[in-house]
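**Student:** Just so you know, we're using the working numbering here: the sequence shown kicks off at 4 and counts up by one. Below you will find the structure I want to go over with you.
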Amino acid sequence: GSADGENMAFSSYLEVIRRISNTVDVPVSADVESGYGLAADELVDRLLEAGAVGANIEDVVHGDGKRVRERQEHADYIAAVRHAADEAGVDFVINGRTDAVKLGESVFQDPFEEAVARVQLLEQAGARAVYPVGLTSAEQISRLVQAVSVPVNVTAHPVNGHGAGDLAALTALGVRRVTFGPLWQRWLTDVSSTQLAHWTSP
Numbered sequence: 004g005s006a007d008g009e010n011m012a013f014s015s016y017l018e019v020i021r022r023i024s025n026t027v028d029v030p031v032s033a034d035v036e037s038g039y040g041l042a043a044d045e046l047v048d049r050l051l052e053a054g055a056v057g058a059n060i061e062d063v064v065h066g067d068g069k070r071v072r073e074r075q076e077h078a079d080y081i082a083a084v085r086h087a088a089d090e091a092g093v094d095f096v097i098n099g100r101t102d103a104v105k106l107g108e109s110v111f112q113d114p115f116e117e118a119v120a121r122v123q124l125l126e127q128a129g130a131r132a133v134y135p136v137g138l139t140s141a142e143q144i145s146r147l148v149q150a151v152s153v154p155v156n157v158t159a160h161p162v163n164g165h166g167a168g169d170l171a172a173l174t175a176l177g178v179r180r181v182t183f184g185p186l187w188q189r190w191l192t193d194v195s196s197t198q199l200a201h202w203t204s205p
């Protein structure tokens, strides 16, 4: 596999998307990180050609030294993706991601309020869902859900759940999309390593 952070060649990633979309009977959304440095229209064209009808787009530009896009810069990119998808006649689901909370006070004076401001701009730009990574409490989730009118996505652990509770608790708070991200893979790796350790040579 390839490490996170736009380390996989986009052409190789598109082939993976294509294989998945040709295999399943449900809509496919792709995590394109910050957009792989592509113009919005090219990004949309290539994703649609591969069979994806949605994308996660974040504000940390891994290909540019992990630079964090300014609020309006990120919103403008999301708006351009929305326009390109609309021009193509596809009801493309943009999941607008911000890492403001995850990045913390080393980057933002008030990370949570920064996240709120960013997701509100992303909704205005045409995101059909928002993904503020790093929310840790029921209070944070509730406040953010109230700040937007589109579905809110949170990250949870596949076994341990979220700090705000299990799926039922998250649903009650207004969460409409849950992502495991790399947590599922890491958990499976840990479990496999523990099981296989019993079979190593003495």
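By construction, the Cβ of each residue, glycine as well, lies at the ideal position given by its N, Cα and C atoms. Just so you know, these numbers come straight off a predicted model, no measurement behind them.
What first and last residue would you give for the alpha helix (DSSP H) that runs through Ser145?
**Tutor:** Segment 141-150, the alpha helix (DSSP H) holding Ser145.
**Student:** With a CB to CB cut of under 6 Å and the five nearest residues on each side skipped, what residues in its chain are close to Asp44?
**Tutor:** So the list reads Ala87, once near-sequence residues are dropped.
**Student:** Expressed to the nearest angstrom, what Euclidean distance is found between the alpha-carbon atoms of Arg100 and Glu52?
**Tutor:** Going from the Cα of Arg100 to the Cα of Glu52 covers about 23 Å.
**Student:** Restricting to runs no shorter than 3 residues, where is the beta strand (DSSP E) found entirely within the stretch 9-76?
**Tutor:** DSSP runs (the beta strand (DSSP E)) wholly in the stretch 9-76: 32-34, 57-60.
**Student:** Would you check if the distance between the CB atom of Leu124 and the CB atom of Arg74 is smaller than 8 Å?
**Tutor:** In contact: Leu124 and Arg74 (Cβ atoms closer than 8 Å).
**Student:** Would you decide whether Pro185 is buried or exposed? Buried here means 16 or more other CB atoms lie within 10 Å of its CB.
**Tutor:** Pro185 comes out exposed.
**Student:** Can you tell me whether Arg179 is buried or exposed, with buried defined as 16 or more other CB within 10 angstroms of its CB?
**Tutor:** It counts as exposed.
**Student:** Looking at Ser152: is its Cβ nearer than 8 Å to the Cβ of Val96?
**Tutor:** No, the Cβ-Cβ distance between Ser152 and Val96 is not below 8 Å.
**Student:** For the beta strand (DSSP E) that contains Ala132, what are its first and last residues?
**Tutor:** Taken as a continuous stretch (DSSP letters only), the beta strand (DSSP E) holding Ala132 covers 132-135.
**Student:** To which residues of the same chain is Arg70 closer than 6 Å at the C-beta, ignoring the five residues directly before and after it?
**Tutor:** Val64.
**Student:** By how many angstroms is the C-alpha of Thr158 removed from the C-alpha of Phe115?
**Tutor:** Approximately 15 Å, taken between the alpha carbons.
**Student:** Which residues in the same chain have their Cβ closer than 7 Å to the Cβ of Gln143, if we skip the five residues on either side of it in sequence?
**Tutor:** Result list for Gln143: Phe115, in chain order.
**Student:** Measuring only the C-alpha atoms, how far is Leu41 from Ile20?
**Tutor:** So the two alpha carbons sit approximately 17 Å from each other.
**Student:** Once the 5 residues before and after Val162 are set aside, which same chain residues still bring their CB inside 7 Å of it?
**Tutor:** Hits under 7 Å: Trp190.
**Student:** Rounded to whole angstroms, what is the Cα-Cα separation between Asp61 and Val122?
**Tutor:** According to the sequence provided, residue 61 is Glu. The question's Asp does not apply to it. Looking at the two C-alpha atoms, the distance is approximately 11 Å.
**Student:** Could you tell me the boundaries of the beta strand (DSSP E) in which Val178 lies?
**Tutor:** Note, Val178: beta strand (DSSP E), 178-182.
**Student:** So, at 6 Å on beta carbons, what are the nonlocal neighbours of Ser59 in its own chain, with the 5 sequence-adjacent residues on each side left out?
**Tutor:** Rather than Ser, the amino acid found at residue 59 in this sequence is Asn. Same-chain partners within the cutoff: Asp34, Asn98, Arg100.
**Student:** On the three-state DSSP scale, how would you describe Thr158?
**Tutor:** Correct three-state label for Thr158: strand.
**Student:** Tell me the rounded alpha-carbon separation between Thr203 and Thr192.
**Tutor:** Cα to Cα, Thr203 sits roughly 16 Å from Thr192.
**Student:** What is the DSSP secondary structure of Val119, counted as helix, strand or coil?
**Tutor:** In the structure shown, Val119 sits in a helix (DSSP, three-state: H, G or I).
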